[in-house]
């Protein structure tokens with residue numbers, strides 16, 4: 014089992030460029046999440062999904078969009094990247110007892 | 518709103534016990550979790566406790582829950598250098614639709 018896979022693992026963007034982070038899980042979980050992790054800030058929830066075709070805003074949704082067209086995939090998009098979006102992004106899916114399974118992270122730098 | 522608080526740093530000597538503390542605000546929490554993050558990796562579940570329990574022990578790990586004070590602690594016995602990591606406390610509620618709320622994490626440094 015691969016668990017949760019994120020691509021790409023590293024990316025450098027220029028201000029104003031767009032990109033999409035892909036998260037895929039093979040555990041048939043309904044719930045999926047996108048977090049960002051910054052030094053001293055812990056994990057902050059960007060968007061989440063409680064099932065195929067659903068999305069909801071988290072704590073810091075501005076500047077990001079998401080889609081959950083297929084149950085196993087959760088996409089995070091940046092339409093116009095800003096330096097403040099330089100961060101490490103983690104995707105996670107959730108089991109029925111609430112255990113989160115995290116991907117290895119995607120390190121994004123916006124110049 | 519929900520809030521989970523942890524101290525940011527803890528330093529212990531190899532072989533000593535480590536105690537990482539966490540306080541939370543919502544008394545309706547159903548599950549409380551401890552996650553571990555090693556450098557360059559995502560978080561992994563270390564252990565969890567149901568809110569109707571006071572203590573849970575798993576090998577070197579002991580979780581204590583004080584519901585009255587909304588205080589959760591993680592004790593690591595015989596701390597090893599491999600235990601150096603960031604430890605996150607998190608809470609969730611009976612409704613699966615509600616995302617987990619994480620603390621900011623405690624960075625544990627183990628000195629050989």
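Protein chains in written order, with the numbering used here: chain A, 14 to 124; chain B, 518 to 629. Ideal Cβ placement from N, Cα and C applies to all residues, glycine included. Please read all numbers here as calculations on a predicted model, not as lab measurements.
(1) Please return the same chain residues whose Cβ sits closer than 7 Å to the Cβ of residue 25/A, not counting the five positions on each side in sequence.
(2) Looking at C-alpha atoms only, which residue of 49/A, 63/A, 69/A and 89/A is the closest neighbour of residue 109/A?
(3) Please confirm whether residue 77/A and residue 90/A have their CB atoms less than 8 Å apart.
(4) Using the C-alpha atoms, what's the distance from residue 619/B back to residue 34/A?
(5) Report yes or no: is there a C-beta of chain B within less than 8 Å of the C-beta of residue 59/A?
(6) Tell me which residues of the stretch 28–44 of chain A have at least one Cβ-Cβ distance to chain B shorter than 7 Å, keeping chain order.
(7) Let me know the beta strand (DSSP E) ranges lying completely inside the stretch 541–602 of chain B, each 3 residues or longer, listed in chain order.
(8) Which residues in the same chain have their Cβ closer than 7 Å to the Cβ of residue 540/B, if we skip the five residues on either side of it in sequence?
(9) Return the CA-CA distance between residue 566/B and residue 41/A, expressed in angstroms with no decimal places.
Short version:
(1) Answer for residue 25/A: 122 and 124, listed in chain order.
(2) It is 63/A.
(3) For residue 77/A and residue 90/A, yes; Cβs fall inside 8 Å.
(4) Going by the C-alpha atoms only, they are around 22 Å apart.
(5) Chain B, which has no Cβ nearer than 8 Å to the Cβ of residue 59/A, makes this no.
(6) Taking 7 Å as the Cβ-Cβ cut-off against chain B, the residues of the stretch 28–44 of chain A that qualify are 44.
(7) The DSSP assignment places 548–554, 560–567, 572–575, 578–583 and 588–593 as complete runs of the beta strand (DSSP E) inside the stretch 541–602 of chain B, in order along the chain (cut-off: 3 residues).
(8) The beta carbon of residue 540/B lies closer than 7 Å to those of 522, 587 and 588 in the same chain, with the five residues before and after it left out.
(9) Pairing residue 566/B with residue 41/A, the inter-Cα distance amounts to about 24 Å.
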